[in-house]
Amino acid sequence: MTAQLLNGKQLAADIRSRLKEKIAGFAAAPGLAVILVGNDPASEIYIRAKQKACAEIGIRAEAFHLPENTSQAELTHLINRLNNTPEINGILVQLPLPRHLNEKEILLAVAPEKDVDGFHPYNAGSIIQKRAGAFAPCTPKGILRLLDTTGKDLNGLNAVIVGRSQIVGMPAAHLLLNRNCTVTITHSHTQNLQKICQTADILIAALGKSEFITGEYVKPGAIVIDVGINRTENGLKGDVNFAEAAEIASYITPVPGGVGPMTIAMLLENTCEAFFKQHRS
Ligand code: NDP
Numbered sequence: 034m035t036a037q038l039l040n041g042k043q044l045a046a047d048i049r050s051r052l053k054e055k056i057a058g059f060a061a062a063p064g065l066a067v068i069l070v071g072n073d074p075a076s077e078i079y080i081r082a083k084q085k086a087c088a089e090i091g092i093r094a095e096a097f098h099l100p101e102n103t104s105q106a107e108l109t110h111l112i113n114r115l116n117n118t119p120e121i122n123g124i125l126v127q128l129p130l131p132r133h134l135n136e137k138e139i140l141l142a143v144a145p146e147k148d149v150d151g152f153h154p155y156n157a158g159s160i161i162q163k164r165a166g167a168f169a170p171c172t173p174k175g176i177l178r179l180l181d182t183t184g185k186d187l188n189g190l191n192a193v194i195v196g197r198s199q200i201v202g203m204p205a206a207h208l209l210l211n212r213n214c215t216v217t218i219t220h221s222h223t224q225n226l227q228k229i230c231q232t233a234d235i236l237i238a239a240l241g242k243s244e245f246i247t248g249e250y251v252k253p254g255a256i257v258i259d260v261g262i263n264r265t266e267n268g269l270k271g272d273v274n275f276a277e278a279a280e281i282a283s284y285i286t287p288v289p290g291g292v293g294p295m296t297i298a299m300l301l302e303n304t305c306e307a308f309f310k311q312h313r314s
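Using our numbering, you'd call the opening residue of the sequence shown number 34 and step up by one each time.
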């Protein structure tokens with residue numbers, strides 16, 4: 034392997050311990066409401082990991098586990114109540130929601146100043162308009178932190194993002210554009226994907242297809258960020274064929290231990306920022 038590993042696990046641990054120290058200086062603890070509707074097993078695992086991470090650094094995570102048949106009105110009512118609860122500084126609605134619920138409307142109900150996931154249109158738009166103080170979504174924010182650990186100047190680099198979801202691909206594109214990268218967003222209709230990826234100084238794989246990005250997609254010396262989490266019969270796999278890409282890239286994130294831990298660390302950071310801001314006002 035020639036690429037250097039971008040160790041998200043270690044970086045996330047450093048961020049968590051810094052946040053823990055900061056929180057300890059306050060008399061009150063930040064409060065995060067974690068809302069889960071239904072019994073999706075993967076969501077339950079994610080929620081438990083987030084709650085555990087909160088507890089470890091002194092964030093009070095309050096879980097609201099609602100039944101599968103919760104109505105739009107009931108969920109909106111809970112969110113409104115939490116919006117008006119001063120002890121709750123951040124609100125997280127675990128996605129995906131059951132199909133009968135209108136996800137866009139639910140995310141709109143969360144007060145932007147408590148939207149620590151960064152999914153509210155106000156925060157999404159603020160990233161595009163480069164407004165200070167907006168919450169960036171946790172996964173793309175974590176990706177930028179990982180890129181910064183390379184010490185490379187991102188200015189002018191070609192970034193190619195495979196995937197255009199609202200939670201990963203699109204916000205990652207805007208954050209990279211704000212850092213003066215030349216950004217190409219690709220998706221399932223993209224033609225000549227391999228050729229486009231070969232132009233990437235920074236290649237971000239967020240398509241949800243196990244080991245789809247093979248060595249042929251990677252430009253020599255590229256920084257490869259693997260967002261994918263795919264549970265396969267051979268264990269947890271990313272969207273990148275790690276063994277192949279690691280022979281060609283200059284830096285690469287592993288799965289697990291790359292982007293995943295950074296997503297949780299950024300959720301904690303956003304929750305602390307919400308708490309500090311609300312404390313000041
Ligand atoms: P989505 O399913 O919402 O989006 C996938 C995107 O990939 C879509 O834009 C889709 O295109 C595109 N795509 C699918 N197939 C191809 C293809 N063959 N070629 C090019 N583009 C393609 O996924 P998410 O963004 O939510 O997640 C992506 C991956 O990242 C998943 O494995 C998920 O588990 C993981 N993830 C990991 C996180 C972490 O913390 N590490 C956090 C969030 C997600 P189109 O728009 O045309 O359909």
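C-beta: ideal position from N, C-alpha, C; glycine also.
Unbroken alpha helix (DSSP H) run spanning residue i, endpoints
{"i": "ASN113", "result": "105-116"}
{"i": "ARG93", "result": "Element bounds for ARG93: not the alpha helix (DSSP H) but the beta strand (DSSP E), 93-99."}
{"i": "VAL292", "result": "292-313"}
{"i": "ILE68", "result": "Not the alpha helix (DSSP H): ILE68 falls in the beta strand (DSSP E), residues 64-70."}
{"i": "LEU39", "result": "No alpha helix (DSSP H) contains LEU39, which DSSP labels as neither H nor E."}
{"i": "ALA238", "result": "It is not in any alpha helix (DSSP H) - ALA238 instead sits in the beta strand (DSSP E) that spans 235-238."}
{"i": "THR172", "result": "171-181"}
{"i": "ASN263", "result": "Note, ASN263: premise wrong, no alpha helix (DSSP H); beta strand (DSSP E) at 263-265."}
{"i": "ALA82", "result": "74-90"}
{"i": "GLY202", "result": "202-211"}
{"i": "GLU277", "result": "275-278"}
{"i": "GLY281", "result": "The amino acid occupying residue 281 in the given sequence is Ile; Gly does not appear at that position. It is not in any alpha helix (DSSP H) - ILE281 carries neither H nor E in the DSSP assignment."}
{"i": "ASN225", "result": "That residue, ASN225, is in no alpha helix (DSSP H); it is neither H nor E in DSSP."}
Beta strand (DSSP E) segment containing residue i, residue limits
{"i": "LYS270", "result": "268-270"}
{"i": "ILE124", "result": "123-126"}
{"i": "THR215", "result": "215-219"}
Three-way DSSP call (helix, strand, coil) for residue i in this model
{"i": "ALA192", "result": "strand"}
{"i": "ILE256", "result": "strand"}
{"i": "ARG197", "result": "coil"}
{"i": "LEU134", "result": "coil"}
{"i": "ILE246", "result": "strand"}
{"i": "ALA45", "result": "helix"}
{"i": "ARG164", "result": "coil"}
{"i": "ALA60", "result": "coil"}
{"i": "LYS185", "result": "coil"}
{"i": "ALA157", "result": "helix"}
{"i": "ALA144", "result": "coil"}
{"i": "GLU54", "result": "helix"}
Contact set for residue i: own chain, Cβ-Cβ below 6 Å, skip 5 residues either direction
{"i": "GLN37", "result": "TYR284"}
{"i": "LEU187", "result": "ARG212 and CYS214"}
{"i": "CYS171", "result": "THR296, MET299 and LEU300"}
{"i": "LEU190", "result": "CYS214, ASP234 and ILE235"}
Close-in-space but distant-in-sequence residues of the same chain around residue i (CB under 7 Å, 5 per side omitted)
{"i": "ILE48", "result": "ALA298 and GLU302"}
{"i": "ILE333", "result": "Nothing in the structure corresponds to residue 333, since the chain is present only between 34 and 314."}
{"i": "HIS153", "result": "LEU140, LEU141, VAL143 and PRO145"}
{"i": "GLU349", "result": "As displayed, the chain neither begins before 34 nor continues past 314, which places residue 349 out of reach and without an answer."}
{"i": "LEU52", "result": "ILE90, LEU301, GLU302 and CYS305"}
Contact test: residue i Cβ vs the ligand NDP heavy atom, cutoff 7 Å
{"i": "GLY196", "result": "yes"}
{"i": "ASN274", "result": "no"}
{"i": "THR217", "result": "no"}
{"i": "SER283", "result": "no"}
{"i": "HIS222", "result": "yes"}
{"i": "ASN263", "result": "yes"}
{"i": "LEU39", "result": "no"}
{"i": "LYS85", "result": "no"}
{"i": "LYS242", "result": "yes"}
{"i": "THR232", "result": "no"}
{"i": "THR286", "result": "no"}
{"i": "ILE161", "result": "no"}
{"i": "VAL149", "result": "no"}
{"i": "ALA239", "result": "yes"}
{"i": "LEU226", "result": "yes"}
{"i": "THR247", "result": "no"}
Cut-off 8 Å between Cβ atoms - residues of its own chain near residue i, not counting five sequence neighbours on either side
{"i": "GLU77", "result": "LEU69"}
{"i": "TYR155", "result": "PRO145, ASP148 and ALA167"}
{"i": "GLU107", "result": "LEU99"}
{"i": "LEU179", "result": "LEU39, GLY41, LEU44, ILE258, THR286, GLY291, VAL292 and MET295"}
Counting pairs of beta carbons, one from the stretch 263-278 and one from the stretch 111-121, are three or more of them closer than 8 Å?
-> Touching, no.
Decide yes or no for the touch test of the stretch 191-207 against the stretch 218-227: beta carbon pairs closer than 8 Å, at least 3 of them.
-> The stretch 191-207, when compared against the stretch 218-227, does touch it at the 8 Å Cβ threshold.
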